[in-house]
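Student: The structure that follows is given in the form of structure tokens.
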Amino acid sequence: MSTLEGTPNPEAPNPQLPIVQKLRVRYAKRDRLRFTSHRDFCRAFERAVRRARLPIGFSSGYSPHPKISYANASPTGAGSEAEYLEIGLTEPCDPAAVRQALDDSLPPGLDVLEVVVAGQGALADRLQASVWTIRLPDVDVDAAQAAVDAFLAADAVEVERMTKKGVRTFDARGDTLSLGVAAADGDQPCAILTVVLRHDTPSVRPDDVLAGLRSRGGLQVEQTPVAIRLAQGPLDEETGTVGDPLAPDRDAP
Amino acid sequence: MPVESLFPRLEPLLPSVSKPIQYVGGELNATVKDWDAADVRWALMYPDAYEVGLPNQGVQILYEVLNERDWILAERTYAVFADMEAVMREHGIEQFTVDAHRPVSAFDLLGVSFSTELGYTNLLTALDLAGIPLHAVDRTDDHPIVLAGGHSAFNPEPIADFIDAAVLGDGEEVVVAISEVVREWKSEGRPGGREEVLRRLAVSGGVYVPQFYDVSYLPDGRIQRVVPNRPGIPWRVTKHTLMDLDAWPYPKNPLVPLAETVHERYSVEIFRGCTRGCRFCQAGMITRPVRERSLQTIGAMVENGLAKSGLDEVGLLSLSSADHTEIGEIAKQLGDRYEGSNTSLSLPSTRVDAFNITLANEFSRNGRRSGLTFAPEGGSERLRKVINKMVSEEDLIRTVSAAYSHGWRQVKLYFMCGLPTETDEDVLQIGELAKKVIEVGREVSGRKDIRCTVSIGGFVPKPHTPFQWAAQLDHETTDERLRKLRASVQSDKRFGRAIGFRYHDGKPGTIEGLLSRGDRRVGRVIEAVWRDGGRFDGWSEHFSYERWEAKTAEALADEPVDLDWYTTREREYAEVLPWDHLDSGLDRDWLWEDWQDAIDPSGAREVDDCRWTPCFDCGVCPQMDTEIQIGPTGRKLLPLSVV
Numbered sequence: 167m168s169t170l171e172g173t174p175n176p177e178a179p180n181p182q183l184p185i186v187q188k189l190r191v192r193y194a195k196r197d198r199l200r201f202t203s204h205r206d207f208c209r210a211f212e213r214a215v216r217r218a219r220l221p222i223g224f225s226s227g228y229s230p231h232p233k234i235s236y237a238n239a240s241p242t243g244a245g246s247e248a249e250y251l252e253i254g255l256t257e258p259c260d261p262a263a264v265r266q267a268l269d270d271s272l273p274p275g276l277d278v279l280e281v282v283v284a285g286q287g288a289l290a291d292r293l294q295a296s297v298w299t300i301r302l303p304d305v306d307v308d309a310a311q312a313a314v315d316a317f318l319a320a321d322a323v324e325v326e327r328m329t330k331k332g333v334r335t336f337d338a339r340g341d342t343l344s345l346g347v348a349a350a351d352g353d354q355p356c357a358i359l360t361v362v363l364r365h366d367t368p369s370v371r372p373d374d375v376l377a378g379l380r381s382r383g384g385l386q387v388e389q390t391p392v393a394i395r396l397a398q399g400p401l402d403e404e405t406g407t408v409g410d411p412l413a414p415d416r417d418a419p
Numbered sequence: 110m111p112v113e114s115l116f117p118r119l120e121p122l123l124p125s126v127s128k129p130i131q132y133v134g135g136e137l138n139a140t141v142k143d144w145d146a147a148d149v150r151w152a153l154m155y156p157d158a159y160e161v162g163l164p165n166q167g168v169q170i171l172y173e174v175l176n177e178r179d180w181i182l183a184e185r186t187y188a189v190f191a192d193m194e195a196v197m198r199e200h201g202i203e204q205f206t207v208d209a210h211r212p213v214s215a216f217d218l219l220g221v222s223f224s225t226e227l228g229y230t231n232l233l234t235a236l237d238l239a240g241i242p243l244h245a246v247d248r249t250d251d252h253p254i255v256l257a258g259g260h261s262a263f264n265p266e267p268i269a270d271f272i273d274a275a276v277l278g279d280g281e282e283v284v285v286a287i288s289e290v291v292r293e294w295k296s297e298g299r300p301g302g303r304e305e306v307l308r309r310l311a312v313s314g315g316v317y318v319p320q321f322y323d324v325s326y327l328p329d330g331r332i333q334r335v336v337p338n339r340p341g342i343p344w345r346v347t348k349h350t351l352m353d354l355d356a357w358p359y360p361k362n363p364l365v366p367l368a369e370t371v372h373e374r375y376s377v378e379i380f381r382g383c384t385r386g387c388r389f390c391q392a393g394m395i396t397r398p399v400r401e402r403s404l405q406t407i408g409a410m411v412e413n414g415l416a417k418s419g420l421d422e423v424g425l426l427s428l429s430s431a432d433h434t435e436i437g438e439i440a441k442q443l444g445d446r447y448e449g450s451n452t453s454l455s456l457p458s459t460r461v462d463a464f465n466i467t468l469a470n471e472f473s474r475n476g477r478r479s480g481l482t483f484a485p486e487g488g489s490e491r492l493r494k495v496i497n498k499m500v501s502e503e504d505l506i507r508t509v510s511a512a513y514s515h516g517w518r519q520v521k522l523y524f525m526c527g528l529p530t531e532t533d534e535d536v537l538q539i540g541e542l543a544k545k546v547i548e549v550g551r552e553v554s555g556r557k558d559i560r561c562t563v564s565i566g567g568f569v570p571k572p573h574t575p576f577q578w579a580a581q582l583d584h585e586t587t588d589e590r591l592r593k594l595r596a597s598v599q600s601d602k603r604f605g606r607a608i609g610f611r612y613h614d615g616k617p618g619t620i621e622g623l624l625s626r627g628d629r630r631v632g633r634v635i636e637a638v639w640r641d642g643g644r645f646d647g648w649s650e651h652f653s654y655e656r657w658e659a660k661t662a663e664a665l666a667d668e669p670v671d672l673d674w675y676t677t678r679e680r681e682y683a684e685v686l687p688w689d690h691l692d693s694g695l696d697r698d699w700l701w702e703d704w705q706d707a708i709d710p711s712g713a714r715e716v717d718d719c720r721w722t723p724c725f726d727c728g729v730c731p732q733m734d735t736e737i738q739i740g741p742t743g744r745k746l747l748p749l750s751v752v
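Keeping their order, the protein sequence lines are chains Z and E.
Under this note's numbering, the letters of the first sequence match residues 167 to 419, in that order.
Under this note's numbering, the letters of the second sequence match residues 110 to 752, in that order.
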């Protein structure tokens, strides 16, 4: 996560106004717009900022960039109720009004849920773990439970993922803090996994957990799974629960 | 009857295809209307990938014009990539619109906008995926009317078998007129079926229905005649011209995609038409006369477009934007308004004119001085006279000198190769010109790091231009000429690295030539290429010359014509051209005289621009009952509205 700090360099071309307020934004990627890639979202958000006429700060230089920093974006195709970013403004604004203006300026499906004034400390440091739900259509709950049990019983579960540098092998088990199974409502069989993943490098993703369930627990998934991030925030190591990363800002004086 | 969305079936398949965002829609300012509340429903297609098609102005304008009427519904569809096509075939998913994911086959009309002939194979993919028979004659009352528009529709003969109708010219008014005919026919209970609604469209004289015309051929392969085969069908079909562009300030609600597209800017067409008279330029010939938007309308469109879209770049488009009568004021006043706002303005500047540098300076007040593009088109002064592009070497040197002295470091020059009467010597002159440009640039800037990029396209003769009778240069000779040019520049150590070349091989130009001036027999070639896997022919990574060459030979084996006959053969005055029954307003005899003026052995004669000199009788205004609409208005931008 890049920083929004720093005073503009008056020597640089296109000197810009200083940042006087930082706001933290929680937003959701829902329904069909979960197929928005992070790059796509960045462009859409910058346009929304302009449509909303926010007094956004810019970097100086030949090619000024708006002061927006993104934290730990979810993968393309995954839905999310808990994405975060930070913006730097050149005039102080009412966070509730900013939330409304940004939400009105984004297409339905990219929804701005909350905006708070940034307090002390870096937002990225608070994003330590995520809660995911993974919907598995046509998968029987008992079969899913058996695979989960096998997965959890292992000390380590090696999975492979294609990265820009080629196939990478890493452990998906260690950062899986909890993994539960439930049945979805309705007539069709459908298992729903709830998983808490610690953020690490490389970060274990829902896809990696499914790969581990397949290799270790023999889980067969024919229909396309849908993963949704429900929360991300500070991790309580004792209880394994994920807190609200904006709570310290909200409670700040 | 309600039409169900295909999205629930599509959604689980999207993670397996590349760039799934291009298929989900949900763009800002997209419109989804109640299916049952509309009397007439259009699917609008741009026959290329979403990233190319979405920014297309024509589709965006018609989408908005149609959807503004409460009785019309319009949605958009684009060409799907090969991976998506395979997935759709495997799972039996039809060609869909991105707005509400409705099947294209359920619409009343499928309107396809062709900017280039290389989109023809993509039309066939879309028809096939939609479950619409490829051949118009095989369609029933249940299938949409397939309608072609765009510049390529000025010769739709190569796709005559696949379309039900074609429309020439500006679409804004005629799409509503067509919708009215379809609504009336539907409300009467569809009397006479498909044939009757097509007949009603055709008798208006403004919609071309190929199946109502018979084409006969002479033994040597030339066309004998094109004759209406039903009573009441007009002999000629005329183009449409929108007058008073200020009354049509579209797009008002620009579509803003989530996916990355080829143009990430809000575009305002500052005028339509061009009378510069460049003899190779189809766009300039078929869009006459010049109709300007006023400075105040342009200012209001820019303000509204930026506010509605959130884009930070504005393009002021036209065929020759610096020719707007108030371009200096537009540049200055918009420059003042957006200075310091991190909004950038751009003018595709193609004319070689020192005034362009003043404009470019206005448009780059934030300090960015990257590159400027000019299009002398012909390497030698003799050749520039042939094509009626009146730029002297002196003009060019003065212009680039001004550019380099204002801090621009890179100039891009655009040329064509294969123009009528061209010799090796004309093409070698391109290199000499580029060397002079670098020399003067080094001199005035006092810097060594200046560059000149020479970009070269192969000339393709187009219908409705004075060069419609010309022989196209074969791609072997084109490539050979350009090899000599490159060698002559690279052999000179003083310029080797300062001059860059951009040129792709000439083969796609040969196929573009076949499709541009082809007749109905070329339809067999298109279909054979498509059946053999031809897709996205405008993309060099997908285009296969070998396939086109082989399928052309096969499909035309029983005809006295071949690939060369369509491309490298010069036509005579008396030959019936495939598009002679389609009226762009241009007088055929004027075109022929202009062609003769171009190739006169004693030297080409030039034609001036009728905006500033008397009418030269090209025929468009009297034939179409139109007139030149230009300023200056002498007005100022209206103040920004308070939000």
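Every residue gets a Cβ at the ideal spot worked out from N, C-alpha and C, and that includes glycine.
Considering L354(E), what are the terminal residues of the alpha helix (DSSP H) in which it resides?
Tutor: First-last for L354(E): undefined, no H or E at that position.
Student: Report buried or exposed for E736(E), applying the criterion of at least 16 other Cβ atoms within 10 angstroms of its Cβ.
Tutor: Exposed, since its Cβ has fewer than 16 Cβ neighbours within 10 Å.
Student: Given this structure, state the Cα-to-Cα distance separating G740(E) from F472(E), to the nearest angstrom.
Tutor: Rounded to the nearest angstrom, the two C-alpha atoms are 21 Å apart.
Student: Answer with buried or exposed for S296(E), where buried requires no fewer than 16 other C-beta atoms within 10 angstroms of its C-beta.
Tutor: S296(E) comes out exposed.
Student: Is there a Cβ from chain E that is less than 8 Å from the Cβ of P258(Z)?
Tutor: Cβ-Cβ to chain E under 8 Å: no for P258(Z).
Student: How should T109(E) be labelled, buried or exposed, when 16 other C-beta atoms within 10 angstroms of its C-beta is the threshold for buried?
Tutor: Because chain E spans 110 through 752 in this model, residue 109(E) falls outside it and cannot be assessed.
Student: Rounded to the nearest angstrom, what separates R408(E) and L443(E) at their Cα positions?
Tutor: Looking at the sequence itself, residue 408(E) is Gly, so the reference to Arg does not match. So the alpha carbons of these two residues sit roughly 7 Å apart.
Student: Between which residues of its own chain and T367(Z) is the CB-CB distance below 7 Å, once the five residues before and five after are set aside?
Tutor: Cβ within range, chain order: n/a, list empty.
Student: Let me see if you follow: with CB-CB separation under 8 Å, is F224(Z) close to chain E or not?
Tutor: F224(Z) counts as touching chain E.
Student: Cβ of P184(Z) less than 8 Å from any chain E Cβ?
Tutor: Output row for P184(Z): interface = no.
Student: Kindly indicate if chain E contains any beta-carbon less than 8 Å away from that of E302(Z).
Tutor: Before going on, a small fix: residue 302(Z) reads as Leu here, not Glu. L302(Z) does not count as touching chain E.
Student: Anything in chain E within Cβ reach of R216(Z), meaning under 8 Å, just list it in chain order.
Tutor: Under the 8 Å cutoff, chain E gives L415, G419, L420, D421.
Student: Give the interface partners of T202(Z) over in chain E, defined as CB-CB distance under 7 Å, in chain order.
Tutor: Within chain E, the residues near T202(Z) are I130, L367.
Student: Taking 8 Å as the threshold, find out whether the region 266 to 276 of chain Z comes into contact with the region 197 to 217 of chain Z through three or more Cβ pairs.
Tutor: Output reads yes: the region 197 to 217 of chain Z touches the region 266 to 276 of chain Z.
Student: How about E404(Z): is its C-beta nearer than 8 Å to some C-beta of chain E?
Tutor: So, not an interface residue.
Student: Applying a beta-carbon distance threshold of less than 7 Å, which residues of chain Z neighbour P124(E)?
Tutor: Residues of chain Z passing the Cβ test: G243, T390.
Student: Let's see if you can read the secondary structure: which residues bound the beta strand (DSSP E) around E378(E)?
Tutor: Segment 375 to 378, the beta strand (DSSP E) holding E378(E).
Student: Output yes or no for whether 8 Å exceeds the beta carbon distance between C526(E) and T587(E).
Tutor: Cβ atoms of C526(E) and T587(E): closer than 8 Å.
Student: Measuring CB atoms only, is the region 250 to 267 of chain E touching the region 205 to 225 of chain E, in the sense that at least three cross pairs come out at less than 8 Å?
Tutor: Counting Cβ pairs under 8 Å, three or more are found: they touch.
Student: Between L268(Z) and chain E, is any beta-carbon pair separated by less than 8 Å?
Tutor: Not one chain E Cβ lies under 8 Å of L268(Z).
Student: At least one CB of chain E closer than 8 Å to the CB of D277(Z): is that the case?
Tutor: It does not: the Cβ of D277(Z) has no partner Cβ on chain E nearer than 8 Å.
Student: Rounded to the nearest angstrom, what separates S235(Z) and A139(E) at their Cα positions?
Tutor: Between S235(Z) and A139(E), the C-alpha separation is close to 28 Å.
Student: What does P117(E) reach in chain Z if we use C-beta pairs closer than 7 Å?
Tutor: Correct list: empty, because the minimum Cβ distance to chain Z is about 11 Å.
Student: Helix, strand or coil for I394(Z), going by three-state DSSP, please let me know.
Tutor: Strand at I394(Z).
Student: Measure from the alpha carbon of V392(Z) to the alpha carbon of each residue in G223(Z), G352(Z), S381(Z), T242(Z), then state which is nearest.
Tutor: Minimum Cα distance to V392(Z) is reached at T242(Z).
Student: Kindly identify the DSSP beta-bridge partner or partners of V365(E).
Tutor: Partner(s): L137(E).
Student: Could you tell me whether the Cβ atoms of R381(E) and R400(E) are closer together than 8 Å?
Tutor: Yes, Cβ-Cβ distance for R381(E) and R400(E) is below 8 Å.
Student: Looking only at C-alpha atoms, which of L379(Z), G227(Z), S344(Z), H365(Z) sits nearest to L312(Z)?
Tutor: A small fix is needed here, since residue 312(Z) is Ala in this sequence, not Leu. Cα-wise, what sits closest to A312(Z) is L379(Z).
Student: Residues of chain E with a CB under 9 Å from the CB of L199(Z): which are they?
Tutor: Residues of chain E passing the Cβ test: I130, V133, G135, L367.
Student: Between V751(E) and chain Z, is any beta-carbon pair separated by less than 8 Å?
Tutor: In this predicted model, V751(E) has a pLDDT of only 48, less than 50, meaning its place in the structure is not dependable enough to derive any value.
Student: Can you list the residues of chain Z that F121(E) reaches, using a CB-CB cut of under 7 Å?
Tutor: Going by the sequence as given, residue 121(E) is Pro instead of Phe. Q389, T390, listed in chain order.
Student: I need the DSSP call for L363(Z), collapsed to helix, strand or coil.
Tutor: If DSSP states are grouped into helix, strand and coil, L363(Z) belongs with the strands.
Student: Rounded to the nearest angstrom, what separates K557(E) and T329(Z) at their Cα positions?
Tutor: Spanning the two alpha carbons is a distance of roughly 42 Å.
Student: Between L163(E) and T370(E), how many whole angstroms is the CB-CB distance? I'm expecting something under 8 Å.
Tutor: 5 Å between Cβ atoms; contact.
Student: In this structure, how does DSSP classify Q738(E) when only helix, strand and coil are distinguished?
Tutor: Reduced to three states, the DSSP call for Q738(E) is strand.
Student: Starting from the beta carbon of N451(E), find every residue of chain Z whose beta carbon is closer than 7 Å, and list them in chain order.
Tutor: The answer, in chain order, is F224, P230.
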